[in-house]
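Number of protein chains: 2
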Amino acid sequence: MSREDSKKKLKDFGLTLVKQAEGGQNPFMDVPIRALSNIVFNQKSKTITLGDKSSKRYFFNVAHVRKFVQTVEAAATAKEMIGENKHLSLRQTFYRMRRTIPGTDIDIVDEQEESNKAIEDLELITGLSREELHINANKNGSVAGKVVIEDKGDVIDWSKLGSGGWAIPSNVEEIKFKKVSAKFVIYMEKAAMWERLHEDRLWDKMDCIIMASQGQATRGIRRLLERLHHEYKLPVYVLVDGDPWGAYIYSVLKYGSISLAHISEKLAIPGVRFLGLSAEDVTKYGLQKHKIKFQPVDIARIKQVRKYAWFKDNKAWQNQFDLWEKFGGKVELDALVNKGISFVSETYIPDKIRKKEWIE
Amino acid sequence: MSREDSKKKLKDFGLTLVKQAEGGQNPFMDVPIRALSNIVFNQKSKTITLGDKSSKRYFFNVAHVRKFVQTVEAAATAKEMIGENKHLSLRQTFYRMRRTIPGTDIDIVDEQEESNKAIEDLELITGLSREELHINANKNGSVAGKVVIEDKGDVIDWSKLGSGGWAIPSNVEEIKFKKVSAKFVIYMEKAAMWERLHEDRLWDKMDCIIMASQGQATRGIRRLLERLHHEYKLPVYVLVDGDPWGAYIYSVLKYGSISLAHISEKLAIPGVRFLGLSAEDVTKYGLQKHKIKFQPVDIARIKQVRKYAWFKDNKAWQNQFDLWEKFGGKVELDALVNKGISFVSETYIPDKIRKKEWIE
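Residue numbers (this note's numbering), protein chains in the order written: chain A, -10 to 349; chain B, -10 to 349.
This is the structure:
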């Protein structure tokens, strides 16, 4: 959606409220409900999505008015940013929105929690994503591989960026792909593993892209993976530690997440494949001695994760969970280094992809 | 130091032990002590450095032998990596070192804590840095600005990398600076502020470099700042939140830190200047309403930080601490956005640098 379209949506949102007021009505907005009770797993699209429950928020209602005004202020702030073609983070947007209502000693927002909620509501009301509202998420992560992009007038070759790679921005909506020679993407959560694969030039040897966050995948990374998958049909292989947390990271990328259910169609990536570490890898590569015994919290997490709608009827995954429960511990991806410094890029990854030993 | 020199140092370390054994001596190594009792603030070089206390570690000593063997194994692993010209993270090095001693059921290392300590000891014994031992620290952060570098055969122009910038690697020792037109560096801890300055193209307008971690500065970032300062005499301006924690971040970059005292000469940057947020900025820019009241932990931290050797005789800093204590709260850098989306890059930074309103 263009900036003009986004601005129009925000303007229309305001005009509707003005019309209601001018017509003698109590101005209101329809806010879709973001709660577990309104989350569904869509078996057809295989995404976690929001149901159709919503609630009305009125201006002349003591319980509603504060949130009402905050949502309108969020819209005004987003309109300012789109107009100036600038972006702010959530924290910065909070400070931008924070002002005292003239003639009172009341601030529009006192805590960031309030502006965050107002922005989420605005996303739901207008159908505009945070990216389209010009509100940035965290910036994190690096990428290298056989792709050339154009961004802000610069042509950037992801295969010619030395040992660092390209730093992934928080917002990747306006990036243009000029040339994509890569055949797939490998995504991992640990930058240290990315550096291992990058030093081995895995992306060069296997015609691919390697991408890592440091910690949880940011929206920028998820959108970049999603665009590469949908625009270029690239499969996305996920490399994580062998434990229920790794399985969940994979599922968030593939199906979406509860907290971002309203934007699943933009974030969920059906082409995501779990490359490892699988329970079978532990035996196959003799990694038993690197077992880190499960704590009660890990065992509880397996029981919880295996019941999720997107896992519960999946035989391959139920088998994984059985094997992990039996093994009684996790094994980290980094343990593969024990087999050889470059074992993961020279043997583990090429073998698994060639033999199609991923899990979906 | 070249790879050959590093390898030779490791070999010499091993040869000394062999000679001791062949000479009928109990093999031992001299390990400098890394404890607060052996940390000094060198008033002349203005760096936090290690004193000259050391202790002997013997092979034939039940209390010493495990650490002795671990240190030797760390040296062997580093030598392997240097030989193959490959790098591993601390976690990966732990897994690489972890093996069962033949004929026993004893593992050389059971916990990463053990390999970390062995690596630190090896640094101290050989005088080789972690970078020279090919053991990577965390990877994090982005940079943009008027610099062209060469790295791994790629020529990378930091001014032509779109909205993302160059992702800073964990090890920057082998980077060659091809062209440095920047006149100074601005470093900040928050990637969101970096994106704000980058969108405003501050580095272009002010002929500088902008660099950010996301959280604590990694060793890669500190080495990069240090190299730009020492090789090109660039001042480094630090932008942090206005509170004792911000003051400490500044001091770590400038003087070094207690935990890395043995490598201060490679990490401390005398040219670091505190650009803000200062206590005076709060009044000057009317940021009082954005005060986040100090918690007891913040107040205790001010009392602690102001007594550090590098702050206690510094009038400008003692004045800052007085003002913060009186104000009774912190103010975040992001609060400047309240004055205007681009206020920080159009007014705040240029004004402060022009009027030399930094603190040292």
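Ideal Cβ positions, reconstructed from N, Cα and C, are used throughout, including at glycine.
* **First and last residue of the uninterrupted alpha helix (DSSP H) at alanine 67 of chain A** => Against the first sequence, residue 67 of chain A aligns to sequence position 78. From DSSP, the alpha helix (DSSP H) with alanine 67 of chain A extends over 54 to 73.
* Report back the beta-carbon spacing between leucine 266 of chain A and glycine 317 of chain A to the nearest angstrom; my notes put them in contact at under 8 Å. => Here the question's residue 266 of chain A lines up with position 277 in the first sequence. Here the question's residue 317 of chain A lines up with position 328 in the first sequence. Incorrect: roughly 15 Å between the Cβ atoms, too far for contact.
* chain E contact for arginine 185 of chain B (CB, 8 Å cutoff) -> No chain E appears in the structure shown, which is made up of the protein chains A and B.
* For methionine 70 of chain A, go through chain B and note every residue whose CB falls closer than 8 Å to its CB, in chain order. => Position 81 of the first sequence, counted from the start, is the residue given in the question as residue 70 of chain A. The contacting residues are Ile330.
* Local Cβ density within 10 Å of serine 352 of chain A, reported as buried at 16 or more and exposed below that -> Limits of chain A in this structure are -10 at one end and 349 at the other, which puts residue 352 of chain A out of reach.
* In the structure shown, what three-state DSSP assignment does isoleucine 114 of chain A receive? -> For the purposes of this step, residue 114 of chain A is taken as residue 125 along the first sequence, with counting starting at 1. DSSP places isoleucine 114 of chain A in helix when its eight states are reduced to three.
* CA-CA distance, glutamate 109 of chain A and histidine 76 of chain A? -> Your numbering for residue 109 of chain A matches position 120 in the first sequence. Your numbering for residue 76 of chain A matches position 87 in the first sequence. Cα to Cα, glutamate 109 of chain A sits roughly 16 Å from histidine 76 of chain A.
* **Buried/exposed call for lysine 344 of chain B, threshold 16 Cβ in 10 Å** => As a first step, residue 344 of chain B is located in the second sequence; it is residue number 355 there, counting from the start. Burial call: exposed.
* To do: Flag histidine 53 of chain A as yes if its beta-carbon sits less than 8 Å from any beta-carbon of chain B, otherwise no.
  => As a first step, residue 53 of chain A is located in the first sequence; it is residue number 64 there, counting from the start. Closer than 8 Å: no.
* Within the same chain, show all residues whose beta-carbon is closer than 8 Å to that of isoleucine 198 of chain B, passing over the 5 residues directly before and after it, in chain order. => Translated into positions along the second sequence, residue 198 of chain B becomes position 209. Excluding positions up to five away in sequence, the list reads Val132, Ala133, Gly134, Lys135, Val136, Trp147, Ala171, Phe173, Val174, Ile175, Trp192, Leu217 and Leu223.
* To do: State the start and end residues of the unbroken beta strand (DSSP E) segment that holds asparagine 127 of chain A.
  => Locating residue 127 of chain A in the first sequence gives position 138, counting from the first residue. Premise fails: asparagine 127 of chain A is in no beta strand (DSSP E) and is neither H nor E.
* To do: Taking glycine 317 of chain A as the query, report the chain B residues whose CB atoms sit under 7 Å from its CB, ordered along the chain.
  => On the first sequence, residue 317 of chain A is found 328 positions in, with the first residue counted as 1. Under the 7 Å cutoff, chain B gives no residues; its nearest Cβ is about 18 Å from glycine 317 of chain A.
* Asked: Hey, would you say proline 158 of chain B sits closer than 8 Å to glycine 209 of chain B, going by beta carbons?
  -> Counting from 1 along the second sequence, the entry for residue 158 of chain B is found at position 169. Counting from 1 along the second sequence, the entry for residue 209 of chain B is found at position 220. Closer than 8 Å, so yes.
* What is the C-beta distance between leucine 264 of chain A and lysine 341 of chain A, in whole angstroms, given that I count them as a contact (C-beta under 8 Å)? -> On the first sequence, position 275 is the one that residue 264 of chain A refers to. On the first sequence, position 352 is the one that residue 341 of chain A refers to. Going by Cβ atoms, the distance from leucine 264 of chain A to lysine 341 of chain A rounds to 6 Å, so yes, they are a contact pair.
* Asked: Any residues in the segment 275 to 301 of chain A with a beta carbon nearer than 8 Å to a beta carbon of chain B? Which ones, in chain order?
  -> Lys278 and His279
* To do: Determine, using beta-carbon pairs with one atom in the segment 115 to 125 of chain A and one in the segment 78 to 98 of chain A, whether at least three such pairs fall under 8 Å.
  => yes
* How should methionine 70 of chain A be labelled, buried or exposed, when 16 other C-beta atoms within 10 angstroms of its C-beta is the threshold for buried? -> Looking up residue 70 of chain A in the first sequence gives position 81. Buried: at least 16 other Cβ atoms inside 10 Å.
* Asked: Which residues, in chain order, does the segment 119 to 130 of chain B contribute to contact with chain A at a C-beta distance below 8 Å?
  -> Asn125, Asn127, Lys128, Asn129 and Gly130
* Look at glycine 3 of chain A and alanine 64 of chain A and say whether their C-beta atoms are less than 8 Å apart. => As a first step, residue 3 of chain A is located in the first sequence; it is residue number 14 there, counting from the start. As a first step, residue 64 of chain A is located in the first sequence; it is residue number 75 there, counting from the start. In this structure, alanine 64 of chain A lies closer than 8 Å to glycine 3 of chain A by Cβ.
* Asked: Where do the N-terminal and C-terminal ends of the beta strand (DSSP E) with asparagine 308 of chain A fall, by residue?
  -> One-based indexing of the first sequence puts residue 308 of chain A at position 319. No beta strand (DSSP E) contains asparagine 308 of chain A, which is instead part of the alpha helix (DSSP H) from 304 to 316.
* Asked: What does a CB cutoff of less than 8 Å around isoleucine 145 of chain A pick up in its chain, not counting 5 residues either side in sequence?
  -> Position 156 of the first sequence, counted from the start, is the residue given in the question as residue 145 of chain A. Around isoleucine 145 of chain A: Val137, Ile138, Glu139 and Trp155.
* **Interface residues of chain B facing lysine 326 of chain A [CB-CB closer than 7 Å]** => As a working note, residue 326 of chain A is residue 337 in the first sequence. Reading off the sequence shown, one finds valine at residue 326 of chain A, where the question assumed lysine. In chain order: Leu77, Gln81, Tyr84 and Arg85.
* Asked: Would you call the segment 294 to 305 of chain A and the segment 274 to 282 of chain A in contact, with 3 or more CB pairs under 8 Å?
  -> no
* Asked: Between B/Thr336, B/Val286, B/Ala268 and B/Lys292, which lies nearest to alanine 305 of chain B when the distance is taken from Cα to Cα?
  -> Taking the first residue of the second sequence as 1, we reach residue 305 of chain B at position 316. Of B/Thr336, B/Val286, B/Ala268 and B/Lys292, the residue nearest in Cα terms is B/Ala268.
* **Residue range of the unbroken alpha helix (DSSP H) whose run includes lysine 344 of chain A** => For the purposes of this step, residue 344 of chain A is taken as the residue at position 355 of the first sequence. It is not in any alpha helix (DSSP H) - lysine 344 of chain A carries neither H nor E in the DSSP assignment.
* Asked: Listed in chain order, which residues of the segment 151 to 178 of chain A have Cβ atoms closer than 9 Å to some Cβ of chain B?
  -> Gly151, Ser152, Gly153, Gly154, Trp155, Ala156, Ile157, Pro158, Ser159, Asn160, Val161, Glu163 and Ile164
* Assuming leucine 322 of chain A contacts tyrosine 274 of chain A (C-beta within less than 8 Å), just tell me the rounded distance between them. => The sequence position of residue 322 of chain A within the first sequence is 333, counting from 1. The sequence position of residue 274 of chain A within the first sequence is 285, counting from 1. No, leucine 322 of chain A and tyrosine 274 of chain A are not in contact; Cβ-Cβ is about 11 Å, not under 8 Å.
* **Against chain B: residues of the segment 227 to 250 of chain A by CB proximity under 8 Å** => none
* To do: Output yes or no for whether 8 Å exceeds the beta carbon distance between lysine -2 of chain A and glycine 72 of chain A.
  => Against the first sequence, residue -2 of chain A aligns to sequence position 9. Against the first sequence, residue 72 of chain A aligns to sequence position 83. Not in contact: lysine -2 of chain A and glycine 72 of chain A (Cβ atoms no closer than 8 Å).
* May I ask you to list the residues that DSSP assigns as paired with proline 21 of chain B? => On the second sequence, residue 21 of chain B is found 32 positions in, with the first residue counted as 1. In the DSSP output, where bridge partners are listed per residue, proline 21 of chain B has B/Ser43.
* Please confirm if glutamine 203 of chain A has its CB atom under 8 Å from at least one CB of chain B. => Translated into the one-based positions of the first sequence, residue 203 of chain A becomes position 214. Cβ-Cβ to chain B under 8 Å: yes for glutamine 203 of chain A.
* Terminal residues of the beta strand (DSSP E) in which serine 131 of chain A lies -> As a working mapping, residue 131 of chain A is identified with position 142 in the first sequence. Note, serine 131 of chain A: beta strand (DSSP E), 131 to 134.
* leucine 213 of chain B beta carbon less than 8 Å from that of serine 334 of chain B -> As a first step, residue 334 of chain B is located in the second sequence; it is residue number 345 there, counting from the start. As a first step, residue 213 of chain B is located in the second sequence; it is residue number 224 there, counting from the start. Against a cut-off of 8 Å, the Cβ pair of leucine 213 of chain B and serine 334 of chain B comes out as no contact.
* Reduced DSSP secondary structure (H/G/I, E/B, other) of lysine -3 of chain B -> On the second sequence, residue -3 of chain B is found 8 positions in, with the first residue counted as 1. Helix, per DSSP.
* Asked: So with Cβ pairs under 8 Å, would you call aspartate 193 of chain A a contact of chain B?
  -> As a first step, residue 193 of chain A must be located in the first sequence, where it is residue number 204. For aspartate 193 of chain A, the answer is no, since every Cβ of chain B falls outside 8 Å of its Cβ.
* Under 7 Å by beta carbon: chain B residues contacting lysine 149 of chain A -> Position 160 of the first sequence, counted from the start, is the residue given in the question as residue 149 of chain A. Asp143, listed in chain order.
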